[in-house]
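For what it's worth, our numbering labels the leading residue of the sequence shown as 1, then goes sequentially. The structure appears below as structure tokens.
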Amino acid sequence: MAADIFTWLVRVGDAGAIKFRTRSAEFGDGYRQVVGDGINGKSASWPITIIAPLDEMQAITDFLDRHGGNVPFKWTPPYGAAALFTCDGYGPKRTAGSLITVTATFEQFFGAEPNG
């Protein structure tokens, strides 16, 4: 069974982060060597905000709770293709009326899709 898909609309923070994993060695004469580390040397992290009515937000937080920070889900970032992500926590806040705001960070995940 394929990974669940996070389908809700999000407001993406201004500062997504793309990181490259490298290894380096520095020598006594100031010389430095740097190489890429691993086959998945580029990863993404996206801070997101969701604003929704209480009933819709309950479905969103249930989705995040079900994945518990360790079960990856598919999500399509602002640019690029769908990929696997995890979310290790979120911050709910009641806003105007019956609206709820949730902030979270989606971290790109490299590994096998979960089995159903």
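Yeah, the Cβ is synthetic: ideal placement off N, Cα and C, and Gly gets one too.
Using the rule of at least 16 other Cβ atoms within 10 Å of the residue's Cβ for burial, across every protein chain shown, is residue i buried or exposed?
i    : result
P78  : exposed
F73  : buried
A3   : buried
F106 : buried
A25  : exposed
A52  : buried
L64  : buried
Taking C-beta to C-beta, are residue i and residue j nearer than 8 Å?
i   : j   : result
A44 : I5  : no
V35 : R21 : no
Assign residue i to one of three DSSP states: helix, strand, or coil.
i    : result
I51  : strand
I39  : coil
V107 : According to the sequence displayed, residue 107 carries Glu and not Val. Strand at E107.
R21  : coil
Y2   : Reading off the sequence shown, one finds Ala at residue 2, where the question assumed Tyr. Coil.
F27  : coil
A59  : helix
Determine, using beta-carbon pairs with one atom in the stretch 106-113 and one in the stretch 78-96, whether at least three such pairs fall under 8 Å. yes
Say whether the stretch 10-19 touches the stretch 47-59, bearing in mind that this needs 3 or more beta-carbon pairs closer than 8 Å, one atom from each stretch. yes
Sufficient close CB pairs (3 or more, under 8 Å) joining the stretch 92-105 to the stretch 57-67: yes
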